[in-house]
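Here's the structure, in structure tokens; my notes come after.
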Amino acid sequence: GRTTGLPRAPQCLVLPRRAAGVSAGRAVAGALMGAGDVIAQQLVERRGLRGHQGRRTAKMTAIGFCFVGPVLGSWYKVLDRLIPGATKAVAVKKMVLDQGGFAPCFLGCFLAIAGALNGLSVRENWSKLQQDYADALLTNYCIWPPVQIANFYFVPLHHRLAVVQCVAIVWNCYLSWKANRM
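When we follow the numbering used here, the leftmost residue of the sequence shown carries the number 686, and every step to the right adds one.
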């Protein structure tokens with residue numbers, strides 16, 4: 686591999702090559718989505734321990750485990766096949782495809798799944814999606830393009846999901862707040 690001069694990831698965040706696909710990626714995504722929700726409830730919404738909604742945290746954890754982990758893990762593999770290489774130009778191309786094509790679809794699906802798990806009707810879910818989607822997408826564009834360029838340039842494929850999920854703890858906090866604000 687290429688030496689980047691960057692510090693190595695803590696061992697607890699490094700996924701073994703063969704496990705990085707489904708099981709380990711799902712576990713990391715689920716745990717970090719749950720952590721993002723706890724942070725949202727405790728630090729952003731200031732619910733306190735008595736007001737903490739455990740079912741909401743469980744739902745967000747499930748979305749991470751069943752949707753975010755598998756979809757992102759698979760997407761990075763597809764993206765690596767579509768645009769092979771590790772140059773700066775390749776990293777920019779991957780980021781443009783990721784943020785221009787994948788992110789808008791992924792974000793819409795995420796918000797719709799969260800709405801469905803929150804018991805919204807189809808009509809209510811569509812209304813909430815119309816209310817929240819543009820703001821969430823613009824916030825996405827403030828955070829993710831530089832992260833993804835660095836991720837695609839410096840990080841091997843089997844570690845990308847873990848890197849994204851570490852950065853995403855703040856993003857997950859925002860998404861949990863956005864998705865659960867009624």
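From the three backbone atoms N, C-alpha and C, an ideal C-beta is built for every residue, glycine too.
Length of the line joining the Cα atoms of residue i and residue j
i      : j      : result
Lys863 : Ala799 : 10 Å
Gln850 : Arg808 : 31 Å
Thr772 : Ser759 : 21 Å
Gly844 : Val763 : Strictly speaking, residue 844 in this sequence is His, with Gly absent from that position. Between His844 and Val763, the C-alpha separation is close to 15 Å.
Asp783 : Arg711 : 20 Å
Gln815 : Leu796 : 10 Å
Ser861 : Val775 : 32 Å
Tyr818 : Gly793 : 7 Å
Asn803 : Gly739 : 13 Å
Candidates the options: closest to residue i by CA position
i      : options                        : result
Asn865 : Gly710, Leu717, Gln726         : Gln726
Pro830 : Val781, Thr746, Cys751         : Val781
Lys744 : Leu717, Leu728, Arg766, Val756 : Leu717
Gly770 : Cys858, Phe837, Leu728         : Phe837
Ala853 : Gly786, Gly749, Phe787, Arg766 : Gly749
Leu842 : Lys779, Ala788, Gly736, Arg732 : Lys779
Val840 : Thr742, Ser806, Tyr761, Lys813 : Tyr761
Ala835 : Val777, Phe787, Gly786         : Val777
Status (buried if at least 16 other CB within 10 Å, exposed otherwise) for residue i
i      : result
Cys827 : exposed
Leu734 : exposed
Asp820 : exposed
Trp811 : exposed
Ala847 : buried
Gln833 : buried
Ala709 : buried
Cys790 : exposed
Anticipated Cβ contact below 8 Å, residue i with residue j, distance rounded
i      : j      : result
Gly754 : Ala801 : Incorrect: roughly 18 Å between the Cβ atoms, too far for contact.
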